[in-house]
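A short worksheet on the structure shown next.
Protein chains in written order, with the numbering used here: chain A, 53 to 330; chain B, -5 to 155.
Shown next as structure tokens:
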């Protein structure tokens, strides 16, 4: 019989190890709000302001919900040559026109403002009338540290906006921006370059005069493993939660299976002994 | 028949009966460890499916429910169900594996030591290590299981003596 002292020590040991083990997964899996998605080369979204299947697919799902009352969610995915943004805005009935702008800056985190180098804008007209809405998109250029609208529309940028179908009254703003290889020089219009870390702020305008720009910025980087969203410093440990879970579960199942094999082998051994005895 | 011979015979019979009951106890101990192993295997499969995010439709629903919470909404029924399934499958996996290993060790003539407990504890907690809420619920559940076993063990020992 084990003494009560020994039992208490064992229990305390288990408790302390379990509490300590809380920090193991925390340091591994609970990294900042970084979401990584793979390139979506098979089924890129159509720029029509509709949240199609490619946005709902788990493999491509990278999104961030901005804090605050407006309920803005930014979805991101990319192919080898383009990056796609979908801004989902909750319905507000008081305004008939709504403009959503993506402000691209060179800031590497959420706290620094950085230098805004581009603005991509979509305006949705009749934003309260489902089915009758229309949209236009504008691509600003940077000149003398000022953003201006050029006469011609840039071919590397597409945009569309719509109100959702049926009971879905969210408004969807879809952007497509061409990606540029990292070694190419920048043309007049700024383009997102592969491996470049950029920061995005969203501007929302209902009156065409006053614009509210989100306090929070989201940093995006297109790397070899996909898009990284979140305030992570370059070179930080990139943790793949899904892969980690698979490794853990397969290891646990293997260990459990080994124990099962031991049990089974003993059962077979016992059966053969019983047969011999009979 | 002489009395000594009769006593000897009854003693032999008693010993034989004791041996049979011991063998039966051992056999039932072993079959109990196999049954509890199989039950634990069922819960491991459930845990594998849900904690491993294998069913895409379910994961999509949970992701949507999570985004509603992120936007300040209330947790949906499916979200709560997900947490319950994930945590309880792991707690019950721990519970039944613990019984199975305990019985198996007793069958072999040993007792369950802290080494087995520790390995079981680690492989159980690792299954829920990516979600803080589920980890916390499982952790509390496991502590309750261990406490239950601890007091049950004490009771059994008292009865034996």
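For glycine and all other residues, C-beta sits at the position ideal for the given N, C-alpha and C. Computed from a predicted structure; not experimentally measured.
For residue 99 of chain B, the enclosing alpha helix (DSSP H) stretches over residues 71 to 102. Residue 153 of chain A and residue 106 of chain A have their C-alpha atoms spaced approximately 22 Å apart. In the structure shown, the three-state DSSP call for residue 34 of chain B is helix. A Cβ-Cβ distance of about 6 Å is found for the pair residue 201 of chain A and residue 192 of chain A, placing them in contact under the 8 Å criterion. Of the other Cβ atoms in all chains shown, fewer than 16 fall within 10 Å of the Cβ of residue 71 of chain B; this residue is therefore exposed.
For residue 321 of chain A, the closest Cβ of chain B is not nearer than 8 Å. Bridge pairing for residue 170 of chain A: A:156 [DSSP]. Residues of the region 37 to 49 of chain B with a C-beta atom less than 8 Å from some C-beta of chain A are 38, 41, 42, 45, 46 and 47, listed in chain order. Taking a 10 Å sphere around the C-beta of residue 1 of chain B, we find fewer than 16 other C-beta atoms and assign the residue as exposed. Following the DSSP letters along the chain, one finds residue 105 of chain A in no beta strand (DSSP E) but inside the alpha helix (DSSP H) bounded by residues 105 to 108.
Counting C-beta atoms within 10 angstroms of its own C-beta, residue 115 of chain B has 16 or more neighbours from the protein chains shown and is therefore classed as buried.
For residue 210 of chain A, the enclosing beta strand (DSSP E) starts and ends at 209 to 215. Cβ contact annotation for residue 87 of chain B (same chain, cutoff 7 Å, sequence separation greater than five): 34, 37, 38, 41 and 118, in chain order.
Annotation: Cβ neighbours of residue 27 of chain B in chain A (cutoff 7 Å, chain order): 315. Within chain B, no residue has its beta carbon less than 7 Å from that of residue 209 of chain A; the closest one is some 27 Å off. Our two residues, residue 213 of chain A and residue 32 of chain B, have alpha carbons roughly 54 Å apart in a direct line.
Residue 102 of chain A and residue 273 of chain A have their C-alpha atoms spaced approximately 25 Å apart. Check the Cα spacing between residue 307 of chain A and each of B:110, B:7, B:147 and B:131: the tightest is with B:110. A contact is defined here as three or more CB-CB pairs under 8 Å, and the region 42 to 54 of chain B fails this definition with respect to the region 88 to 95 of chain B. In the DSSP assignment, residue 188 of chain A falls within the beta strand (DSSP E) that extends over 186 to 195. Residue-level contact by beta carbon fails for residue 255 of chain A and chain B, as no gap is shorter than 8 Å. Annotation for residue 125 of chain A: the continuous beta strand (DSSP E) segment containing it runs 124 to 130. Closest by C-alpha distance to residue 304 of chain A, out of B:139, B:129 and B:120, is B:120. Bounds of any beta strand (DSSP E) do not take in residue 49 of chain B, whose DSSP letter is neither H nor E. Not a single CB atom of chain A sits nearer than 8 Å to the CB of residue 86 of chain B. Where residue 114 of chain B is concerned, there is no enclosing beta strand (DSSP E), although the alpha helix (DSSP H) around it starts and stops at 108 to 120. Counted as a single uninterrupted DSSP element, the beta strand (DSSP E) harbouring residue 134 of chain A occupies residues 134 to 141. Taking 8 Å as the threshold, the shortest C-beta distance from residue 301 of chain A to chain B falls below it. In this model, residue 254 of chain A and residue 175 of chain A are separated by some 13 Å (Cα to Cα). By the criterion of at least three beta-carbon pairs nearer than 8 Å, the region 308 to 326 of chain A is in contact with the region 21 to 28 of chain B.
Considering only A:309, A:100, A:229 and A:123, the residue with the shortest C-alpha distance to residue 170 of chain A is A:229.
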